[in-house]
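Chains as they are written, first to last, in the numbering used here: chain L, 205 to 459; chain R, 10 to 485.
The next block holds one structure in the form of structure tokens; read it before the comments.
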Amino acid sequence: MCWAIILLSFFSTQQPDEMGYLLKNIPDVPVRTAESSLQPLSSWYSQKPMILTLAYSRCPGVCSPYVLQIRDQLAMQSIAEDKFQMVVLSFDSTDNAQTLSKLAGYSKVNPPPSNWTFAVLPTESREELAASLGLKWKKLGELYDHNSLLLLVSTEGKILQRVEGLPSNDQWNRLFREITHEFVPVYSTLGENIWTSCFRYDPASGTWRMNWGLLLILIPSVATVCILLILQTIIRVGATKKIANTKPIISHDPV
Amino acid sequence: MNTFDKKSTLLWLLTVLVVFLVAIAFGLTMRMEQAEITEIGPLNFYILMTSHGLLMAGVWFVAGMAGIQFILSRYVEVPRWGSVFAYVCTVLGVVVLLISTLLAKFHAGWYFLYPLPFYAKGTEHGLLLFMIALTILGVGWLMWSLVMLASILKKYSIAQALAWHHIAGKDGPAVSPFILISFVSLIGVTACILAAVVLLVLYYLEFLQNGGMTSDPLLMKNLTFFFGHTLVNEMLYLGLAVLYELFPRMAGKPDYKTSWYVGISWNATLLIVLFAYFHHLYMDFAQPVAFQYIGQIMSWFAPLPAAVVTIFSVLTTVYRSNMKWSLASLLYFFGVMFWAIGGVGAILDAVIANNFVLHNTQWVPAHFHTYNLLGNVFFSLAFTSWFADEIGEKKIAPGLVKVIFSLLVVGGVGFVLAFYLGGALSVPRRVDMYNEIVSEGITLAKLAVVCASLYLVGMIIYTIDFTRRCAGQLFS
């Protein structure tokens, strides 16, 4: 029974539509920073690409490990701090920069890197930004039920990447390559579930190899040759049978 | 000529002419929109563009097939049901196609390039109807093609129909150029329709799974242009096959024979045309580089066998001949010449370095309208005129020949000239309006409207005259 329910939920669950948000502009909403002043979001993304995540510090669930995971992944990369801006944005009006910084594991003795910013989204801007980013949140008592998002925003304010949940290694690699403007010939977003793909791309090594989807291009020509041979065979066999079935004309007339 | 061949061919040709007029009207409206004479809006523009492209390709393909069927019955017995089945499928397919575009608003272009159809807003039913239309057309045309291939194979083996014994200088049945070119073209037609089958299967799977399955856009684009590019080329060759049969007789010269070089040229064409479509994917960086080189080389080789041999044959036929310049012979001769001009335009575009500049400009519709509107259409109209002379009770008035021919040539040349100039001025294709950067496009569109109107008038006169002369035979 349980397996049936799990299987059913697997088929009925709507997969996150990450591609649907790509290249869409995000609204330039004002956010409150540590200085308690309201600044437009473009203050951070207009100069360099911005990695944006949404969390709140009182979250009893995924927010803390999620932000820590982001911190650790960014720390492992040797990308210069001036190449991108990291913004942790809270949708909880009770938050402030200090509580968010603490959520990310930083403190006075262990301050965040210079390209990290913690800010709080004013209540009036929350709906607009949430809709544009695909943030689904619902207030449950004093807490929030929400999805976890990581976004890469270009200097024009366009969403370049959107990951729902914890990014996979491929997704991290893709994000870092985008930040460093590395040319990526084939994106793995085509995914492993496309059995007709012409190529398989390994984002870790940057290598690709031909896949059997390319062979589908050969099907029409090969099938045509087969059809011709079959047609010819059928016609010849038919003609042979016709000759064999033809009764010889025997004359009964006396010579 | 038996009654069935006469009536079925007549029915095909009448249908073709009527649908052609409708398709011209669609194209004319698009150019009027670009000329800022009308204001139908982008959605209606792309609906018309989708309908226009598919109707034109389809209608002149079946015209070529009807011509082949008619002449082929001189050599072999061709079952009637192939033509009847294809006719029913074609009429039904065209009706569903027009419903999918005009009523259900499908507007992703003839090439319905993946994944665009799934993203076109408000056209879910349109996409399904569009796929059903293509399926109906594809089934009808595939069966027709196979029936004619089987008919040829009843008399000739594959090797004989491909004239390999002529190439090798061995004994064997004399294979006319008509049989050779028809066989080569029908093989290509079969291959490209099978490519459409694979393409449609992938579309259906994705459509029915509602996003549960996705396809590789690179594969889909390869299949789309394998189908589209090859079909458009093969329908030209269908017209040429009939030309090889009829043109020398119009000039009072002996029938063409299949020499070794004619055999080699058409065997080479069979292979080359299957690979030339790669030039449509120059902009696809993920396409293997080797394919791009193949596309480039095959595009250079493509005109050599078929075009050069045909042009040479036609010129030598006309030279010092007793040609009686009827509408049919005029259309054949000028059709070949315009085909050559359009071919040069195509090769220029198929050079990778040029393609970077010309790819999205009006140079593209310029060259394919040249060898279709002034080439392939002329071939089929030449056959239609010859057919009308053969079966018609009345002859066409000499003055009318001059009027129709002048309108078609002047209108057609002016129409494609506007596209060529637009291409040279970097006016983009496939857009419904031009901004101030390419405002020359508006002026050129006005020129195109005038010239297309002349062409349309010529076709209306031609259709009325053809109907007047032949329609009675349909009910006799």
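Glycine included, C-beta positions come from ideal geometry on N, C-alpha and C.
Source: prediction; values computed, not measured.
Asked                                                                                                                                                                           : Found
What would DSSP say about residue 406 (chain R), mapped onto helix, strand or coil?                                                                                             : coil
Using alpha carbons as the reference points, say which of R:236, R:235, R:238, R:207 lies closest to residue 224 (chain R).                                                     : R:207
Counting along the chain, where does the beta strand (DSSP E) carrying residue 170 (chain L) start and finish?                                                                  : Missing from the structure shown is residue 170 (chain L); chain L here goes from 205 to 459 and no further.
In its own chain, which residues sit with a C-beta less than 7 Å from the C-beta of residue 163 (chain R), not counting the 5 before and 5 after it?                            : 85
Going by Cα to Cα distance, which pick from L:320, L:261, L:260 is closest to residue 288 (chain L)?                                                                            : L:320
If I measure Cβ to Cβ from residue 292 (chain R) and keep anything under 7 Å in the same chain, skipping five residues before and after, which residues do I get?               : 368
In this structure, how does DSSP classify residue 447 (chain L) when only helix, strand and coil are distinguished?                                                             : helix
Helix or strand or just coil, what does DSSP make of residue 245 (chain L)?                                                                                                     : coil
For residue 235 (chain R), would you say it is in contact with chain L, using Cβ-to-Cβ distances shorter than 9 Å as the test?                                                  : yes
Using a 10 Å radius around the Cβ and a threshold of 16 neighbouring Cβ atoms, would you call residue 97 (chain R) buried or exposed?                                           : exposed
Among residues of its own chain, excluding the 5 on either side of residue 312 (chain R), which ones have a beta-carbon nearer than 6 Å to its beta-carbon?                     : 352
Give the list of continuous alpha helix (DSSP H) stretches no shorter than 4 residues that lie fully inside the segment 333–385 of chain R.                                     : 336–359, 361–367, 372–380
Would you call the segment 62–72 of chain R and the segment 25–33 of chain R in contact, with 3 or more CB pairs under 8 Å?                                                     : yes
Can you name the residues of chain A whose CB is closer than 7 Å to the CB of residue 207 (chain R)?                                                                            : The displayed structure is made up of protein chains L and R, and chain A is not among them.
Please name the residue, chosen from R:101, R:79, R:222, that lies closest to residue 160 (chain R) on a Cα-to-Cα basis.                                                        : R:79
Taking just the CA atoms, how far does residue 201 (chain R) sit from residue 150 (chain L)?                                                                                    : Absent from the model: residue 150 (chain L). The displayed extent of chain L is 205 to 459, so no value can be given.
Given that a residue counts as buried once 16 or more other Cβ atoms are within 10 Å of its Cβ, and exposed if not, what is residue 3 (chain R)?                                : Because chain R is modelled from 10 through 485, residue 3 (chain R) falls outside the range shown and cannot be assessed.
Compare the C-beta of residue 309 (chain L) against all C-beta atoms of chain R and say whether one is closer than 9 Å.                                                         : no
Distance, Cα to Cα, residue 409 (chain R) vs residue 11 (chain R)?                                                                                                              : 29 Å
Based on Cα-Cα distance, which residue from R:182, R:122, R:267 lies nearest to residue 228 (chain R)?                                                                          : R:122
Is there a Cβ of chain L sitting closer than 9 Å to that of residue 331 (chain R), yes or no?                                                                                   : no
Using three-state DSSP, classify residue 294 (chain L) as helix, strand or coil.                                                                                                : strand
Mind checking if residue 288 (chain L) is an interface residue toward chain R, Cβ cutoff 9 Å exclusive?                                                                         : no
Please determine, among R:436, R:197, R:447, R:411, the residue with the shortest C-alpha to C-alpha distance to residue 334 (chain R).                                         : R:411
List the whole-angstrom C-beta distance separating residue 37 (chain R) from residue 422 (chain R), where the pair is believed to meet the contact cut-off of C-beta under 8 Å. : Not quite, the Cβ-Cβ distance comes to about 16 Å (not below 8 Å), so this is no contact.
Tell me the DSSP secondary structure of residue 116 (chain R) in three-state form.                                                                                              : coil
Output needed in chain order: residues of the segment 163–175 of chain R with a Cβ under 8 Å from some Cβ in chain L.                                                           : 163, 166, 167
Just verifying my parser: in three-state terms, what is the DSSP assignment at residue 368 (chain L)?                                                                           : strand
Could you tell me the distance, in whole angstroms, from the CA atom of residue 205 (chain L) to the CA atom of residue 234 (chain R)?                                          : With a pLDDT of 45 at residue 205 (chain L), under the threshold of 50, the modelled position of this residue cannot be trusted; read the value that follows with caution. So the alpha carbons of these two residues sit roughly 49 Å apart.
Among the candidates L:427, L:372, L:411, whose CA atom is the shortest distance from the CA of residue 274 (chain L)?                                                          : L:372
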